[in-house]
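Inspection log for the structure reproduced underneath, given as structure tokens.
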Amino acid sequence: MTESEVRKLLRQIKEQDSQNAFRDFYNITYDRLFRIAYYYVKKEEWSQEIVLDVFLKLWKQRSTLLEVRNIEDYCFILVKNASLNYLEKESKHTAIESDALPEPQEQNCSPEESLISEELFALYVKALDRLPERCREIFIRIREEKQSYAQVADELGISTKTVDAQLQKAVSRLKEIISHADIN
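Heads up, the sequence shown is in full-length UniProt numbering, so the first residue is 1 and it goes up one at a time.
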């Protein structure tokens, strides 16, 4: 969906208090926001809860959403912050015995490196969203969900050669999109 189409939905949400336009906005952005939340919390149920909370917040702010310069980045930041807050809240409420904790790992990552990593992840999510739907689905199933070519082919009712071709197409398009991105 283009930026102008998203702006049109935001205008409908604001001016007409349109639940249908908000539902359309939800449908086109949910998967991306879910992936962002999952990147941080690593649990499906928590990710769903976080994204639904963010959409509730967006609905409450619907009259001001049109004023947001880049709604995509705004939603990314909302989900990232909500995910980090959720992790902090869960860590306080979860009683874990100290011997059950994993050994701490050294973090040799500076704040700058951490920021760059988050910016690259945001760029990856945006690029992934720009892939054709079938291409994106195959890429996510194989690269993120670690499904086999045969399993994806069977579930989608296509050949493994088609899966391979779609995956190669996704990888080359992602490389192209990311290489042409304006990274400051």
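Using N, Cα and C, we set each Cβ at its ideal position, and we do this for glycine too.
Whole angstroms are fine: how far does the CA of Glu144 sit from the CA of Ile177?
C-alpha separation (whole angstroms): 19 Å.
Any chance you could list the alpha helix (DSSP H) runs of at least 4 consecutive residues sitting entirely within the segment 143-181, in chain order?
149-156, 160-179
I think Ala82 touches Val54, with their Cβ atoms under 8 Å apart; what is that distance to the nearest whole Å?
Contact holds; Cβ gap of about 6 Å.
Taking the C-alpha atoms as reference points, what is the distance between Glu137 and Lys60?
31 Å
Are Tyr40 and Leu10 close, meaning C-beta to C-beta below 9 Å?
no
From this set, Leu66, Phe34, Glu44, Ser47, which residue's C-alpha is nearest Glu5's C-alpha?
Leu66
Would DSSP call Asp17 helix, strand or coil?
coil
Check whether the Cβ atoms of Lys14 and Arg62 lie closer than 9 Å to each other.
yes
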